[in-house]
Amino acid sequence: MSVLIILIPLTVGLGLLGLIAFLWTLKSKQYDDIKGAANRILFDDEDDSQKKNKG
Amino acid sequence: MIKSCLHCGEDTKDLAQDFCCRGCDLAYRIVNKMGLGNYYKFRQLNHNEGKIKPEISEEIDISEFVTQHKDGTNSVSLIVQGMHCAACIWLIESILQKQENVINARVNLSQKTLLLSWKGDVAKGNELMHLIYEIGYKLLPFDPEILQAADKKYNDSILRALAVAGFGAGNIMLLSICLWFSDAWNMGEATRNLLQYFSALIALPVVIFSARPFFASAWKSTRAGYPNMDLAISIAIFLACLVSILEMIRSARHVYFDSAVMLLFFLLIGRYLDLRARKKAFSVAAEFALLSATFGRVEENSVIKILPPKNLKEGMILIVAAGEKIAADGIIIEGESEIDTSTITGESLPAKASKGSEVFAGMINISAPLKIRITKSAQNSLLCEIVKISSQVELKKNHYVRLADRLAKFYTPAVHLLAFITFCFWFKNGWELALMNATAVLIITCPCALALAVPIVQTIAISRLLRRGILVKSGEALEKLLEAETIIFDKTGSLTIGCPRLIAVEFASGEKISEIEKKEFLKLAASLAKNSRHPISQAIASIHDEKLYELQSQEHQGFGLSSNFDGKDLKLGRREFCEINYAKNSTDLRLKCFMKFGEAEVVFSFEDEIKSDAKAVIERLKKMKKKIILLSGDSEIIVKNVAAEVGISEFYFAQTPVSKVEFLEKLKAQKQKLVMVGDGLNDAPSLAAADVSISFSKASDIAQNIADIVIQGEKLSPLIELQNSTKKALHLMKENLWIALVYNLIALPFAIMGYVVPLIAALAMSSSSLLVLFNSLRMNKLKN
Chain A
214 MSVLIILIPL TVGLGLLGLI AFLWTLKSKQ YDDIKGAANR ILFDDEDDSQ
264 KKNKG
Chain B
25 MIKSCLHCGE DTKDLAQDFC CRGCDLAYRI VNKMGLGNYY KFRQLNHNEG
75 KIKPEISEEI DISEFVTQHK DGTNSVSLIV QGMHCAACIW LIESILQKQE
125 NVINARVNLS QKTLLLSWKG DVAKGNELMH LIYEIGYKLL PFDPEILQAA
175 DKKYNDSILR ALAVAGFGAG NIMLLSICLW FSDAWNMGEA TRNLLQYFSA
225 LIALPVVIFS ARPFFASAWK STRAGYPNMD LAISIAIFLA CLVSILEMIR
275 SARHVYFDSA VMLLFFLLIG RYLDLRARKK AFSVAAEFAL LSATFGRVEE
325 NSVIKILPPK NLKEGMILIV AAGEKIAADG IIIEGESEID TSTITGESLP
375 AKASKGSEVF AGMINISAPL KIRITKSAQN SLLCEIVKIS SQVELKKNHY
425 VRLADRLAKF YTPAVHLLAF ITFCFWFKNG WELALMNATA VLIITCPCAL
475 ALAVPIVQTI AISRLLRRGI LVKSGEALEK LLEAETIIFD KTGSLTIGCP
525 RLIAVEFASG EKISEIEKKE FLKLAASLAK NSRHPISQAI ASIHDEKLYE
575 LQSQEHQGFG LSSNFDGKDL KLGRREFCEI NYAKNSTDLR LKCFMKFGEA
625 EVVFSFEDEI KSDAKAVIER LKKMKKKIIL LSGDSEIIVK NVAAEVGISE
675 FYFAQTPVSK VEFLEKLKAQ KQKLVMVGDG LNDAPSLAAA DVSISFSKAS
725 DIAQNIADIV IQGEKLSPLI ELQNSTKKAL HLMKENLWIA LVYNLIALPF
775 AIMGYVVPLI AALAMSSSSL LVLFNSLRMN KLKN
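First to last, the sequence lines map onto chains A and B.
Counting with this note's numbering, you get residues 214 to 268 for the letters of the first sequence.
Counting with this note's numbering, you get residues 25 to 808 for the letters of the second sequence.
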């Protein structure tokens, strides 16, 4: 049973990673404009390449 | 056949043209020249959400709102009006990013804002803004601090607490399953202790982090002398942790760490849903309205200076060009023009103004330049007063005690009493056992399902109404709407559409007019009127969609239009302008338009059209035992006619914004609960004063911001839908509360008897929450 000492912290640690990732998305304001994000996915990539050309 | 303008999508007046006006033509060319023509392919036009019609460009100085950063970059936050789809984001961002020195342009579609940053000169911001103006989106600078209010911060902190609690609940449950289904004999005491220690290691930091909102609120309410449900929650969570630590040290079998964290998780879900349905602060609205006049042109010693509105002082001479917004209250000293007073009076037709007339900030000068002597500084203008009154009234409003809180008032003390009795009952068997059983009582009765009961129904009801074009901004409004027995309507824009509609064509002499003559005169009038932007001209032009005559017309600002047809003089406009002798003594000719063609003298009569479903809706509301009152700023005859037509027996006319509020306060003093339906700035104070306020998506910005509920489009029938939905929602809320209560009552004896081990507690908690959730989903089954 001593393997539990390693396995439990490991599982909790993995969960913690997910939690930290979520808190980061919250902090970087990714939920501020959910409506806009849903629409942005529809933009053509062509626009990106134009931007790159510009500078 | 009707043709739509290639840029803004409005009907073009002329089939030969692709655009409705020069502005649109120009905007279309700018967009295509930049290689962004795809915009027109992919956009979705939605006229309810604002138009993208380029209008007379105002000179705007935003430099006061620009933040200058240390690294030489500037940034400004702008509100974008008229933006509604993905193509809009793309167009605005692409145009700005193609400009030199622009570092970033980021649109936020939910907030309808734009964050713009650029290098170099501050004044460059004005240029960039002008560019977007030319396409037809209106931009208003604002202070981002206002939007980043405490509200948003609190919202984020709850979401963060929810995430942490969810993480904790999930992980502890893994360990708890092992603890529930085994004992010291088959697991080994050392292993059990280890699992308990790990549980504590996860639970304690999670509780300390996630329970802060409850602890804070409990502390605040206790200090104020009104302990709320959060106190019961805090005590339950605190005791659960304390008892578990003691038991863990004793190496006893049962620890309640999982219960504490799960409780917290469920409660935070309820809190988060509730928060999302809460109303946003309305001071933002006031701020925006004041921004709308962005500058004033002042003449001083024959030099013209441009000043921001806050620097305008009494006695200054203000020069207002045609099409500009008036920046301060004053008296006209030179010039004659027509003025759009809709922001202040809600009146749809422009009023004539000449030397000596009083004008107010926020009105728009339509036809000719004016010189105005300022009588009140911008801070004391009528517009400001209205905004001030509105926010004062809103602040004064009594705090509404919600359904769940009313229940909590009895529930919390009862639960604590029971826990205390349990403690005394078990005390003879040792204080540890007594404390543990008392804690079990608190955990099992903790208002978990109670806290979910209301927010879930509310969230489902609100999103359901949203799909039907009704935006409910506060969950409270749903509860209050059903209690209100009096509904007060404003006239213009609420019961009526707010645009003139032709009702009669007659000869000024009163002679009988034939159908053919009528048609011919209308065609003539429409041919002439199509070139004018006056509301009455547009009303005439809109009825006729056949081929019209090509006329060379001349517009006489504030009077009418003239032309020549078939060798005869043709005039359309005011009575004096057409030189017609008609109803000499009548003063109210605003809803009449005159035409002189050769010898023929014709009168067109208009009315403000009543919404098509107004009568039916009022009838049904009456059947629901609601008292209906009409409150309008218009004159007696007009209000009386409208009231009679839709079937309202109680009506009041010639009301000012202030007298409307006084009227509402009087009714409220009689303990009546009020719903106010209105749309103009003049209704804003009364909207704020009412228990529930309803406005329309075409209403003035400020009315929309104050209102609890905003209805898309102009139909009144959503009012009925609202009544039905709220009835169903409230019914479900009560049902949920009962389910939760009954559930607790059943579990309570077991808890008192000491049978509630952590496994039972977890089962009871999650199953009652699920039951409440499934019951709430029945909201979706409501038939239309």
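Using N, Cα and C, we set each Cβ at its ideal position, and we do this for glycine too.
Chain-ordered chain B contacts of residue i [CB-CB under 8 Å]
{"i": "residue 228(A)", "result": "191, 194 and 195"}
CB contact check: residue i to chain B, cutoff 8 Å
{"i": "residue 326(A)", "result": "Outside the shown range of chain A, which is 214 to 268, sits residue 326(A), and nothing can be said about it."}
Residue i at chain A interface by Cβ criterion, 8 Å
{"i": "residue 741(B)", "result": "no"}
{"i": "residue 114(B)", "result": "yes"}
{"i": "residue 218(B)", "result": "yes"}
{"i": "residue 301(B)", "result": "no"}
{"i": "residue 590(B)", "result": "no"}
{"i": "residue 691(B)", "result": "no"}
{"i": "residue 110(B)", "result": "yes"}
{"i": "residue 180(B)", "result": "yes"}
{"i": "residue 279(B)", "result": "no"}
{"i": "residue 459(B)", "result": "no"}
{"i": "residue 222(B)", "result": "yes"}
{"i": "residue 187(B)", "result": "yes"}
{"i": "residue 131(B)", "result": "yes"}
{"i": "residue 489(B)", "result": "no"}
{"i": "residue 198(B)", "result": "yes"}
Neighbouring residues, chain B, relative to residue i (Cβ below 7 Å)
{"i": "residue 225(A)", "result": "195 and 226"}
Under 8 Å by beta carbon: chain A residues contacting residue i
{"i": "residue 441(B)", "result": "Within chain A, no residue comes near residue 441(B); the closest Cβ sits about 39 Å away, beyond 8 Å."}
{"i": "residue 134(B)", "result": "245, 246, 247, 248 and 249"}
{"i": "residue 255(B)", "result": "Residues of chain A passing the Cβ test: none, with the nearest at roughly 29 Å."}
{"i": "residue 120(B)", "result": "Going along chain A, no residue has its Cβ under 8 Å from residue 120(B), so there is no contact; the nearest lies around 12 Å."}
C-alpha gap between residue i and residue j, whole angstroms
{"i": "residue 464(B)", "j": "residue 212(B)", "result": "26 Å"}
{"i": "residue 483(B)", "j": "residue 674(B)", "result": "36 Å"}
{"i": "residue 273(B)", "j": "residue 210(B)", "result": "20 Å"}
{"i": "residue 386(B)", "j": "residue 516(B)", "result": "19 Å"}
{"i": "residue 660(B)", "j": "residue 668(B)", "result": "12 Å"}
{"i": "residue 487(B)", "j": "residue 495(B)", "result": "8 Å"}
{"i": "residue 337(B)", "j": "residue 149(B)", "result": "27 Å"}
{"i": "residue 628(B)", "j": "residue 800(B)", "result": "56 Å"}
{"i": "residue 28(B)", "j": "residue 427(B)", "result": "51 Å"}
{"i": "residue 102(B)", "j": "residue 63(B)", "result": "21 Å"}
{"i": "residue 797(B)", "j": "residue 781(B)", "result": "25 Å"}
{"i": "residue 308(B)", "j": "residue 683(B)", "result": "With a pLDDT of 43 at residue 308(B), under the threshold of 50, the modelled position of that residue is not reliable, and the figure given next carries that caveat. Distance between the alpha carbons of residue 308(B) and residue 683(B): 25 Å."}
{"i": "residue 399(B)", "j": "residue 703(B)", "result": "28 Å"}
{"i": "residue 406(B)", "j": "residue 353(B)", "result": "7 Å"}
{"i": "residue 325(B)", "j": "residue 713(B)", "result": "46 Å"}
{"i": "residue 330(B)", "j": "residue 556(B)", "result": "30 Å"}
{"i": "residue 771(B)", "j": "residue 788(B)", "result": "8 Å"}
{"i": "residue 52(B)", "j": "residue 61(B)", "result": "8 Å"}
{"i": "residue 602(B)", "j": "residue 641(B)", "result": "42 Å"}
{"i": "residue 688(B)", "j": "residue 717(B)", "result": "12 Å"}
Neighbour flag for residue i against chain E, beta carbons, 8 Å
{"i": "residue 183(B)", "result": "Note that chain E does not occur in the displayed structure, where the protein chains are A and B."}
Chain A contact residues for residue i, given Cβ-Cβ distances below 9 Å
{"i": "residue 233(B)", "result": "The premise fails here: residue 233(B) is roughly 11 Å from chain A at the closest Cβ pair, so nothing lies under 9 Å."}
8 Å contact criterion, which residue i and residue j should meet: CB distance rounded
{"i": "residue 708(B)", "j": "residue 625(B)", "result": "Wrong, their Cβ atoms sit about 43 Å apart, outside the cutoff."}
{"i": "residue 242(B)", "j": "residue 258(B)", "result": "4 Å"}
{"i": "residue 389(B)", "j": "residue 344(B)", "result": "5 Å"}
{"i": "residue 736(B)", "j": "residue 493(B)", "result": "4 Å"}
{"i": "residue 552(B)", "j": "residue 577(B)", "result": "5 Å"}
Cβ pair count under 8 Å reaching 3, the segment 580 to 599 of chain B against the segment 648 to 663 of chain B: no
Evaluate contact between the segment 239 to 249 of chain A and the segment 126 to 136 of chain B, counting only Cβ atoms and requiring at least three cross-stretch pairs below 8 Å. yes
Do the segment 735 to 753 of chain B and the segment 761 to 775 of chain B meet, that is, are 3 or more Cβ pairs less than 8 Å apart? no
Check whether the segment 146 to 165 of chain B and the segment 117 to 134 of chain B are in contact - that is, three or more C-beta pairs closer than 8 Å. yes
Kindly confirm or deny that the segment 264 to 280 of chain B and the segment 215 to 224 of chain B touch, where touching means at least three C-beta pairs closer than 8 Å. yes
Inter-stretch contact at 8 Å, needing at least 3 Cβ pairs: the segment 729 to 737 of chain B / the segment 464 to 473 of chain B: no
Cβ contact check for the segment 282 to 300 of chain B and the segment 180 to 192 of chain B: 3 or more pairs under 8 Å: yes
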